[in-house]
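Q:
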Amino acid sequence: TGLPIPALRVEQAMDEVGVSIDPFEDAEIQARRVIEAIKSIVPLKIESMRIAIKIPSRYVGKAYNLVLGIGNVEREEWQKDGSWVGIVTIPAGLHGEFIDKLGKVTEGEAQVKILK
245 TGLPIPALRV EQAMDEVGVS IDPFEDAEIQ ARRVIEAIKS IVPLKIESMR IAIKIPSRYV
305 GKAYNLVLGI GNVEREEWQK DGSWVGIVTI PAGLHGEFID KLGKVTEGEA QVKILK
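Mapping of the sequence shown onto the numbering used here: residues 245 to 360, in sequence order.
1) Could you tell me how far apart the beta carbons of R364 and L359 are, in whole angstroms, since I believe they sit closer than 8 Å?
2) Which value, in whole angstroms, describes the spacing of the CA atoms of Q274 and G315?
3) Leaving out five residues on either side along the sequence, give the residues of the same chain with a beta carbon under 7 Å from the beta carbon of I334.
4) In the DSSP assignment, find the unbroken alpha helix (DSSP H) run with T277 in it and report its ends.
5) Going by the DSSP bridge assignment, what does S301 pair with across the sheet?
6) Hey, I279 and V261: beta-carbon distance below 8 Å or not?
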């Protein structure tokens, strides 16, 4: 229908499949786990967006793990200078939070471009 799913319906679906929220676990990881568990019960459509990212070599360690934790890497390339360039699909609702986290991890040096 394209309408948002009420929170109560999501909670009922979570109870039905036996998924619970752990306040000490990372929210993005839990969201993926919950979505995977309830998608057979609740018709979910998650908007996604494609972005191109370039991470300077000195930040690749932390930033690459962040990318893998939130997005799906479609294509990646390691540059001669040690930097990483990739095309990543992320949930549209996490875009702002992802950009903030990436900016903090890379001290604002990561380059991000939204692709059509």
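Built from N, CA and C at the ideal position, the CB exists for glycine as well.
Computed from a predicted structure; not experimentally measured.
A: If we stick to the structure as given:
1) What is shown of the chain runs 245 to 360, which leaves residue 364 out entirely.
2) Working through the sequence shown from its first residue, we reach residue 274 at position 30. Working through the sequence shown from its first residue, we reach residue 315 at position 71. In a straight line, the C-alpha of Q274 is about 14 Å away from that of G315.
3) To locate residue 334, count along the sequence shown from 1; it is residue 90. If you ignore the 5 residues before and after I334, its C-beta comes within less than 7 Å of the C-beta of S292, M293, I295, I314, G315 and F342, all in its own chain and listed in chain order.
4) Locating residue 277 in the sequence shown gives position 33, where the first residue counts as 1. Correcting the residue identity first, residue 277 is Arg in this sequence and not Thr. From DSSP, the alpha helix (DSSP H) with R277 extends over A271 to I282.
5) If you number the sequence shown from 1, residue 301 lands on position 57. Answer by DSSP bridge pairing: none, since S301 is not bridged.
6) The residue given as residue 279 occupies position 35 in the sequence shown. The residue given as residue 261 occupies position 17 in the sequence shown. No, Cβ-Cβ distance for I279 and V261 is not below 8 Å.
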